[in-house]
Amino acid sequence: MAEFSTPTTEQQFAENFAQLKPVMNRTEALYESSRCLFCFDAPCIKACPSGIDIPQFIRQINSGNDTGAARTIYEANYFGNACGKVCPTEVLCEGACVYNLQEVKPIEIGRLQSFATTKVIKSGEKLFGPGADNGKKVAVIGAGPAGISAACELRSLGYGVDVFEAKAQPSGLTVYGVAPYKITNEETLAEMAYLQAQFGYNVHFNSAISSRKELEKLEDKYDAIFLGIGLGKTNELGLPGEDKINCTGAVEFIAELRQHQHKVAVGRKVIVLGGGNTAMDAASESSRLGAENVILAYRRAKEEMGAYEFEYDLAKGVGVKGLFNVAPVEITGNGYVAGVKFIRTETKDGKVSEIAGSEFVEPCDMVIKATGQAKQTEFLNLIPGLKLDGKGRIIADAHTGQTSNPKYFASGDAWNGGAEVVNAAAEAKLTARGIHAYLSK
Amino acid sequence: MPDLSINFAGIKSPNPFWLASAPPTNSGYQVMKAFDAGWGGAVWKTLGVPVVNVSSRYGGVNYRDKRLVGFNNIELISDRPLSHNLREIEEVKKRFPNHAVIASLMVQSRQEWHDIVRQSQDAGADGFELNFGCPHGMCERGMGSAVGQEPKVLQMIVEWVMEVAQKPVIVKLTPNISDITEPAMAARRGGADAISLINTIQSIVGVDLDKFAPYPIVDGKGTNGGYCGPAVKPIALNMVKNCAQHPDIKLPISGIGGIENWRDAVEHILLGASSVQVCTAVMHFGFGIIREMTSGLEQYMVEKGFQTIDEMVGKALPNVLHWEDLNMKYKVTANINEDKCIGCQLCYTACEDGAHQAIRLNAGTRVPEIIEENCVGCNLCSLVCPVEQCITMEQTDSGTEHLTWKERTEAGTAPTEFEDEKAGGRHHWVPEPSAALGKERHKTLPGKARIINGETTVPAEA
Ligand SMILES: Cc1cc2nc3c(=O)[nH]c(=O)nc-3n(C[C@H](O)[C@H](O)[C@H](O)COP(=O)(O)OP(=O)(O)OC[C@H]3O[C@@H](n4cnc5c(N)ncnc54)[C@H](O)[C@@H]3O)c2cc1C
Ligand SMILES: Cc1cc2nc3c(=O)[nH]c(=O)nc-3n(C[C@H](O)[C@H](O)[C@H](O)COP(=O)(O)O)c2cc1C
Ligand code: SF4
Ligand code: SF4
Ligand code: SF4
Chain A
1 MAEFSTPTTE
11 QQFAENFAQL
21 KPVMNRTEAL
31 YESSRCLFCF
41 DAPCIKACPS
51 GIDIPQFIRQ
61 INSGNDTGAA
71 RTIYEANYFG
81 NACGKVCPTE
91 VLCEGACVYN
101 LQEVKPIEIG
111 RLQSFATTKV
121 IKSGEKLFGP
131 GADNGKKVAV
141 IGAGPAGISA
151 ACELRSLGYG
161 VDVFEAKAQP
171 SGLTVYGVAP
181 YKITNEETLA
191 EMAYLQAQFG
201 YNVHFNSAIS
211 SRKELEKLED
221 KYDAIFLGIG
231 LGKTNELGLP
241 GEDKINCTGA
251 VEFIAELRQH
261 QHKVAVGRKV
271 IVLGGGNTAM
281 DAASESSRLG
291 AENVILAYRR
301 AKEEMGAYEF
311 EYDLAKGVGV
321 KGLFNVAPVE
331 ITGNGYVAGV
341 KFIRTETKDG
351 KVSEIAGSEF
361 VEPCDMVIKA
371 TGQAKQTEFL
381 NLIPGLKLDG
391 KGRIIADAHT
401 GQTSNPKYFA
411 SGDAWNGGAE
421 VVNAAAEAKL
431 TARGIHAYLS
441 K
Chain B
1001 MPDLSINFAG
1011 IKSPNPFWLA
1021 SAPPTNSGYQ
1031 VMKAFDAGWG
1041 GAVWKTLGVP
1051 VVNVSSRYGG
1061 VNYRDKRLVG
1071 FNNIELISDR
1081 PLSHNLREIE
1091 EVKKRFPNHA
1101 VIASLMVQSR
1111 QEWHDIVRQS
1121 QDAGADGFEL
1131 NFGCPHGMCE
1141 RGMGSAVGQE
1151 PKVLQMIVEW
1161 VMEVAQKPVI
1171 VKLTPNISDI
1181 TEPAMAARRG
1191 GADAISLINT
1201 IQSIVGVDLD
1211 KFAPYPIVDG
1221 KGTNGGYCGP
1231 AVKPIALNMV
1241 KNCAQHPDIK
1251 LPISGIGGIE
1261 NWRDAVEHIL
1271 LGASSVQVCT
1281 AVMHFGFGII
1291 REMTSGLEQY
1301 MVEKGFQTID
1311 EMVGKALPNV
1321 LHWEDLNMKY
1331 KVTANINEDK
1341 CIGCQLCYTA
1351 CEDGAHQAIR
1361 LNAGTRVPEI
1371 IEENCVGCNL
1381 CSLVCPVEQC
1391 ITMEQTDSGT
1401 EHLTWKERTE
1411 AGTAPTEFED
1421 EKAGGRHHWV
1431 PEPSAALGKE
1441 RHKTLPGKAR
1451 IINGETTVPA
1461 EA
């Protein structure tokens, strides 16, 4: 029996994908904020990539100054609401909370954060605004966490900002990639609308920048260009049968899911290939869509998975079964996916090797490849003088975000190779200041 | 099994826990319910002259998520007809002959006092409590704390009451006075059998920041009220002790103020109370708290080997001295139990900013270190530490010397210059004032554009 029945209505979808971190009410926020110790030089702040002054905003909530709390959060991180819901807090702020050392439940920092920010977003109360116009203009490519954060900070510094986004909605993978049980589309988009109303940058949707000519136009018209393009499609595996119907990339599958929710069909028996967080998400999501069997197949041992432990636990919790030390060699089937042929592997001295003659076929009717996102190398090669490192990441100064083409700046997944929303938001804020320093010279 | 029953100035009760004269003793219904639940006695809501109450009567003090650590009210004495109260007292006494029912009284003239004492006596009350404490509403009419603050008037009224009272008379004292023993002595001179304390403390519990008015708000305005609840226990304990230690008062004391569990009750008893009264805790949690109180008290008595309440009364009094009689050679030093420390560094910042700069932080660990020569043994760090038994105060003197301030002055060796071994300037160093500047800069700089240090896995530069 499947853990979940296939959702056919919006409501059933919402139930199957119930929020892991629902927004607190005022009472819960009062009780939880009361537990915070207001540590000196608090470890939770250090563990937050955006350095939010956590004890300060929790104290503000506790003293009934929710608006002040929201301001503290947004001063450090424009994706404050989304981060409260989607951050892997277990390994960030909450993982560092001193309570862990006495086996006491850490402060629910993420939920307190979304409590305060949800309140201002709902009220529409403006906390910030654009700075005095300084006559300079910056083009931002990509309306993801990096692009939007850069746009906000640049506007506050007085720049004119135009954002060019390939897709139809802002926030990048926050609305196209993050698991639906972490944040809803409405919540994500409400924060985007709230930011845009305050800072007043322009976003041009369905406007992919993809040619040298388009880039030239931007180079002519703008004083600087910010690259917040994230990563690309799911990597090809290069296996025979990969083109069979119902063999799909995780990023593409999840983007569909976020947009079309219960209207997305899933197989009855799904095999997810991969051992990272995206694989855990895709497996959980398949199960919540009503798949009867979901198998997570990984080349190495369980302990070697890149995914956070709590993400694997989450997948296990919804009935996902792990299959370890197996490498896919072929997607079988006749037009449609009918199974995956695996070969068993073993890890010796950190090296995986295949065990000859151990092939077997695991039948299934859907394959989701969660084997990493490709870099946007082709597009990046259109930018003169732009250097990438060996892994295809843009090389840029860690403090200013400036690339090897001085007019171009970069942050987020395209620079760090793929991290979290909070990293993109924090880096982009810093980079916007780097742009400001460069253009103020 | 220890015996919890008491005989308080002639008033017998199955246990020392009484309901204080307040809303929980407003009616026969409530008192019967309380006795049924296990309370030993009840001081009836004060009977007296006709009153009219306002609507919106209580205010609370919350600490973070904790409700009612302090409580205040602007209510008056009983607003129910005297005849109803007397009839119900009679009914309760019939049903619970072995429980203590005490009539709290407050009227004005000698005749009125005589009448009301006789009437409640006839109703079967086991004793009287004269309410000389109410700090609002009644004092304006020359009653309540207006009496409690005037020892002469208090004594006179007690004398009137004693003229007719055939049952024990308790005088309830107001804490709104600088020396509680003065009205206590007046009660004794007047012939009272016992005292009870404290009544509520004049207070404003808070101000509404939008309406610019004090709580509780009555049609946009407010007034001072009477403060009680957990927050007043320390004040009550000190006053109970003052009365218990006074050589001439020598009256049984009913301890009141901030009692919520067995521990609070035992504290009152150890400082000299032989019965205790509870109001706020019952208003907050209901009569059911009595089960925890009696079971806790019983367990404590078993563990300490006390057979009767009397054995415990005033047990701590010999150890409450004047400051000048404390041993100045005694010395404790803070000690951090590293295994328990969670690294919150509250102790560090408390000692650094609020005490004696006797704790330092070391690179590579969040566990602070005590600078022993600077620790004066003030206890502050151990009080702020959120982990049980993590910071302990350890005795560090030899334990063989004893010298008090009094002994020094008597011997003529009181210091003429600053020579405290524990204080700054001797073994203890005080940092230069300018060393403070920039001291907190090493702290994580939160917010705005925090510098992200070039992570190793991320390409650092062009
Ligand atoms: C499946 C999945 C689950 C995730 N779950 C979480 C999670 O739970 N918590 C978390 O914190 N992080 C999560 N992440 C990571 C997080 O989403 C990313 O780190 C973050 O979104 C990166 O932000 P970004 O702005 O750099 O890139 P993106 O979010 O990828 O945004 C890039 C934007 O640029 C646009 N774009 C790209 N190229 C062009 C072009 N040439 N012209 C115009 N527009 C262009 C894209 O359409 C996109 O909108 C997840 C990622 C994935 C893939
Ligand atoms: C609402 C309220 C009404 C009170 N009314 C009386 C009263 O009528 N007579 C009296 O002697 N004390 C009265 N008190 C004082 C209590 O009896 C008691 O002395 C005081 O509340 C301290 O005890 P506690 O800390 O347990 O509440 C009243 C207290 C409250 C909260
Ligand atoms: S570490 Fe935990 S307790 Fe300390 S300030 Fe941060 S959230 Fe509060
Ligand atoms: S006892 Fe007082 S002086 Fe000593 S370390 Fe603690 S806070 Fe500082
Ligand atoms: S207050 Fe207690 S737990 Fe916190 S750092 Fe000091 S010793 Fe450790």
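From first to last, the protein sequence lines are chains A and B.
First residue of the first sequence: 1, per my numbering; consecutive thereafter.
First residue of the second sequence: 1001, per my numbering; consecutive thereafter.
For each residue, glycine too, the CB sits at the ideal point set by N, CA and C.
DSSP three-state assignment for residue i, whether helix, strand or coil
| i | result |
| --- | --- |
| Q60(A) | helix |
| A327(A) | strand |
| T332(A) | strand |
| N202(A) | strand |
| E1129(B) | strand |
| F379(A) | helix |
| H260(A) | helix |
| E153(A) | helix |
| A279(A) | helix |
Closest residue to residue i among the options (Cα-Cα distance)
| i | options | result |
| --- | --- | --- |
| L1047(B) | F1128(B), S1055(B), A1363(B) and G1059(B) | F1128(B) |
| I225(A) | H399(A), H436(A), Q11(A) and S5(A) | H436(A) |
| E1352(B) | I1336(B), C1375(B) and C1341(B) | C1375(B) |
| F199(A) | L237(A), E32(A), G124(A) and Q56(A) | G124(A) |
| G290(A) | N62(A), S50(A) and G267(A) | G267(A) |
| T1200(B) | G1191(B), C1134(B) and I1180(B) | C1134(B) |
| M305(A) | G322(A), N293(A) and V294(A) | G322(A) |
| L127(A) | D66(A), Q261(A) and D162(A) | D66(A) |
| T1349(B) | E1440(B), V1031(B) and C1341(B) | E1440(B) |
| L1380(B) | M1393(B), T1025(B), Q1030(B) and E1369(B) | M1393(B) |
Alpha-carbon to alpha-carbon, residue j and residue i
| i | j | result |
| --- | --- | --- |
| K1304(B) | V1313(B) | 13 Å |
| A1273(B) | Q1245(B) | 11 Å |
| F1287(B) | K1033(B) | 8 Å |
| I1451(B) | L430(A) | The pLDDT assigned to I1451(B) is 43, lower than 50, so where the model puts this residue is not dependable; a value taken from the coordinates is nonetheless given after this. Whole-angstrom Cα-Cα distance: 8 Å. |
| Y31(A) | G64(A) | 12 Å |
| V422(A) | G1399(B) | 57 Å |
| A190(A) | T184(A) | 10 Å |
| E1091(B) | S1027(B) | 11 Å |
| C48(A) | E420(A) | 11 Å |
| D162(A) | C1347(B) | 50 Å |
| T1308(B) | K1331(B) | 36 Å |
Residue i CB to nearest heavy atom of ligand 2 below 7 Å
| i | result |
| --- | --- |
| S1486(B) | Lying outside 1001 to 1462, the shown extent of chain B, residue 1486(B) is not represented and no answer is given. |
| G1206(B) | no |
heavy atom of ligand 5 below 7 Å from residue i C-beta
| i | result |
| --- | --- |
| I1336(B) | yes |
| P1183(B) | no |
| Q1155(B) | no |
| P1386(B) | yes |
Sequence-distant residues of the same chain with beta carbon closer than 7 Å to residue i, five excluded per side
| i | result |
| --- | --- |
| K1093(B) | V1101 and G1124 |
| A327(A) | R299, F342, I343, T345 and E354 |
| I1195(B) | I1170, V1171, L1173, A1184, A1187, C1243, L1251 and I1253 |
| D1264(B) | K1233 and G1258 |
| A282(A) | A250, F253, I254, V272, I368 and A370 |
Cβ neighbours of residue i in the same chain (closer than 8 Å, five flanking residues each side left out)
| i | result |
| --- | --- |
| G110(A) | K21, C83, G84, K85, C87, T89, C93 and E94 |
| A168(A) | F205 and N206 |
Residue i Cβ short of 7 Å to ligand 4 heavy atom set
| i | result |
| --- | --- |
| L1380(B) | yes |
| V1376(B) | yes |
| H1356(B) | yes |
Check: residue i C-beta below 7 Å from any heavy atom of ligand 6
| i | result |
| --- | --- |
| A1414(B) | Ligands in the displayed structure: ligand 1, ligand 2, ligand 3, ligand 4 and ligand 5; ligand 6 is not one of them. |
Chain-order list of residues whose beta-carbon lies under 6 Å from that of residue i (same chain, five-residue window excluded)
| i | result |
| --- | --- |
| F57(A) | A69, T72 and I73 |
| N235(A) | T371, G372 and A374 |
| E1432(B) | none |
| P1214(B) | I1204, V1207 and G1222 |
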